[in-house]
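Participant: Can you read through this structure? Questions will come right after.
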């Protein structure tokens with residue numbers, strides 16, 4: 240996790256910080272604390288609910304998510320049975336006052352489930368957990384091959400407000416290079432079905448930095464996505480991670496020289512894509528996320544990811560309380576993942592009433608998480624909110640880091656008084672800035688993790 244440099248410039252692509260701390264910092268919890276005790280004193284009036292489906296029809300070459308390819312006969316049913324048992328145990332632990340302000344189905348690929356199975360998944364969220372899917376924003380991830388009309392009809396009918404489609408590239412050769420077998424014609428057909436289903440918000444995921452991708456081909460993918468007028472677009476840099484298809488396939492020498500060239504190319508493609516979307520009326524929400532101007536809010540504004548808890552169901556989900564982040568075991572290797580899934584589906588309900596793997600959130604870790612999850616958003620952070628929670632100004636808690644960011648031009652000097660906000664260049668370097676805010680303890684735990 241040491242910060243390396245490209246010439247005199249910090250390398251821009253070090254780690255995608257989508258949650259802090261990462262699961263590789265989690266460890267088995269010897270005391271296996273009861274969920275009832277963990278949640279007893281927690282605010283539970285604006286929780287987020289996440290249901291994890293660990294199945295995909297194919298695993299892309301860049302993917303290091305917790306998922307397996309396909310499911311033997313009976314496994315999906317067994318998984319939903321276990322999810323239902325877990326929901327019962329977790330809801331009992333939360334108590335009657337728990338209220339959900341947002342919900343999401345992720346994976347894996349939730350739309351790997353057939354229509355009737357998706358109905359059951361929604362029932363688990365509603366009847367099992369008490370989430371009113373028709374009244375809160377519900378986001379669901381999908382792939383082109385599984386975004387079928389019958390599945391989309393179920394999702395639309397159960398209140399889905401956002402459908403995120405993993406396209407990655409509209410150029411067939413680039414999709415093959417990323418080990419994602421798909422044809423543009425099939426992607427376009429899936430997008431047509433999604434629009435016909437009437438789900439309010441369509442998000443399209445695209446990736447830059449793929450082998451063979453040029454600024455021209457990147458622009459063609461962007462324009463193909465814009466033709467569908469998606470309410471949101473996510474632009475992801477390609478990462479080649481250990482134990483993934485690309486990680487096993489790619490051999491480049493010398494590594495340092497290749498990294499420097501690739502960093503420069505990804506940064507150039509990012510800036511090109513960002514400017515193209517801004518010119519087409521999108522606003523930048525974070526380094527990755529762009530939202531069409533004028534898109535109405537879908538609700539859930541009363542949930543704040545920095546402070547409100549999250550309840551995760553499924554063997555790849557994580558849950559957050561103010562004192563502990565916890566989940567089941569984590570793996571990337573397919574064989575290890577299959578073993579964890581097999582263990583999950585065999586568990587009795589009582590086994591779901593305790594936390595098994597996790598990380599205790601000290602005051603320092605809570606401060607780092609709050610700052611990370613706030614400042615990596617384009618709107619930045621009001622220092623007053625941070626000060627009200629922690630009794631100090633962020634500049635008092637992180638003087639060295641913030642001074643370093645300012646010296647690099649990553650902070651916006653024109654931000655309103657009391658607001659900490661990144662400059663455009665700071666947003667571009669989010670994947671370098673984020674890791675610099677990791678605590679020494681988390682860095683050490685991640686470095687010591689035995690990848691599997």
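In the working numbering, the protein residues as written are 240 to 691. Note that beta-carbon positions come from the ideal geometry of N, C-alpha and C, so glycine has one too. As the structure is a prediction and not an experimental result, all values here were calculated from the model.
#1: Provide the residue(s) that pair with residue 407 in DSSP beta bridges, ordered along the chain.
#2: Please identify the residue among 675, 404, 436, 605 whose C-alpha is closest to the C-alpha of residue 425.
#3: How is residue 648 classed by DSSP in three states: helix, strand or coil?
#4: At which residues does the alpha helix (DSSP H) containing residue 185 begin and terminate?
#5: Based on the DSSP secondary-structure assignment, which residues constitute the bridge partners of residue 692?
#6: Does DSSP put residue 659 in a helix, a strand or coil?
#7: Which of the three DSSP states, helix, strand or coil, is assigned to residue 614?
#8: Residue 388 and residue 435 - do their beta-carbons sit closer together than 9 Å?
#9: Are the segment 359 to 370 and the segment 406 to 424 touching by the rule of at least three beta carbon pairs closer than 8 Å?
#10: Taking only three categories from DSSP, how would you classify residue 308?
#11: Pick out the complete alpha helix (DSSP H) segments inside the segment 543 to 570, 4 residues or longer, and give them in chain order.
#12: Let me know the secondary structure DSSP gives residue 529 once reduced to three states.
#13: Within 10 angstroms of the Cβ of residue 705, are there 16 or more other Cβ atoms? Answer buried if so, exposed if not.
#14: For residue 465, name the three-state secondary structure that DSSP assigns.
#15: Which one or two residues does DSSP pair with residue 267 in a beta bridge?
#16: Sort out for me which residues DSSP pairs residue 620 with in a bridge.
#17: Kindly indicate if chain D contains any beta-carbon less than 9 Å away from that of residue 320.
#18: Is the Cβ-Cβ distance between residue 356 and residue 316 less than 9 Å?
#19: Could you check how far apart the C-beta atoms of residue 417 and residue 443 are, in whole angstroms? I think they sit under 8 Å.
#20: Go ahead and pull the three-state DSSP assignment for residue 296.
#21: Give every residue of the same chain whose Cβ lies closer than 8 Å to the Cβ of residue 668, excluding the five residues on either side of it in the sequence, and list them in chain order.
#22: Which residues in the same chain have their Cβ closer than 6 Å to the Cβ of residue 209, if we skip the five residues on either side of it in sequence?
#23: Pop quiz: residue 548 and residue 274 are said to be a contact at Cβ under 8 Å. What is the actual Cβ separation, rounded to whole angstroms?
#24: Taking the alpha helix (DSSP H) that residue 427 falls in, what are its first and last residues?
#25: Starting from the C-beta of residue 292, find all residues in its chain whose C-beta is less than 6 Å away, skip the five residues before and the five after it, and write them out in chain order.
#26: List the DSSP bridge partners of residue 521.
#27: Residue 181 by DSSP, collapsed to three states: which one?
#28: Who are the Cβ neighbours of residue 691 in its own chain at under 6 Å, not counting the five residues just before and after it?
#29: Between residue 607 and residue 563, how many whole angstroms is the CB-CB distance? I'm expecting something under 8 Å.
#30: Give the single residue among 631, 337, 394, 672 whose Cα lies nearest to the Cα of residue 640.
#31: Check whether the Cβ atoms of residue 402 and residue 433 sit closer than 9 Å, and answer yes or no.
Facilitator: The relevant details are as follows:
#1: According to DSSP, which records beta bridges pairwise, residue 407 is partnered with 445.
#2: When each option's Cα is compared against that of residue 425, the closest is 404.
#3: Residue 648: coil per DSSP, three-state reduction.
#4: Residue 185 is absent from the model: the chain starts at 240 and stops at 691.
#5: Any question about residue 692 goes unanswered here, given that the chain covers just 240 to 691.
#6: When DSSP states are grouped into helix, strand and coil, residue 659 belongs to the strand group.
#7: DSSP, read as helix, strand or coil, puts residue 614 in helix.
#8: Yes, they are a contact pair.
#9: Touching, no.
#10: When DSSP states are grouped into helix, strand and coil, residue 308 belongs to the strand group.
#11: Those alpha helix (DSSP H) runs which fall completely within the segment 543 to 570 and span 4+ residues do not exist here.
#12: In this structure, residue 529 counts as strand in the three-state DSSP scheme.
#13: It is not possible to answer for residue 705, since the shown part of the chain is limited to 240 through 691.
#14: Residue 465 falls in the helix class under three-state DSSP.
#15: DSSP, once it has assigned bridges, lists 596 as partnering residue 267.
#16: Answer is 659, bridged to residue 620.
#17: No chain D is present in this structure, which holds just one protein chain.
#18: Taking a C-beta distance under 9 Å as the contact criterion, residue 356 and residue 316 qualify as a contact pair.
#19: About 15 Å separates the two Cβ atoms, so there is no contact after all.
#20: Here residue 296 sits in coil by DSSP.
#21: So the qualifying residues of the chain are 249, 251, 647, 649.
#22: No answer is possible for residue 209: it lies beyond the span of the chain, which begins at 240 and ends at 691.
#23: Distance from residue 548 to residue 274 at the Cβ level is roughly 11 Å; contact not present, criterion being Cβ atoms closer than 8 Å.
#24: 423 to 436 is the span of the alpha helix (DSSP H), which, as asked, contains residue 427.
#25: So the qualifying residues of the chain are 346, 347, 349.
#26: In the DSSP output, where bridge partners are listed per residue, residue 521 has 531.
#27: Examination of residue 181 is not possible in this model, given that the chain is present from 240 through 691 alone.
#28: Taken in chain order, the residues that qualify are 570, 572, 575.
#29: Not really, about 16 Å apart at Cβ, beyond 8 Å.
#30: Its Cα nearest to that of residue 640, the residue 672 stands out among 631, 337, 394, 672.
#31: Between residue 402 and residue 433, the gap from beta carbon to beta carbon is short of 9 Å.
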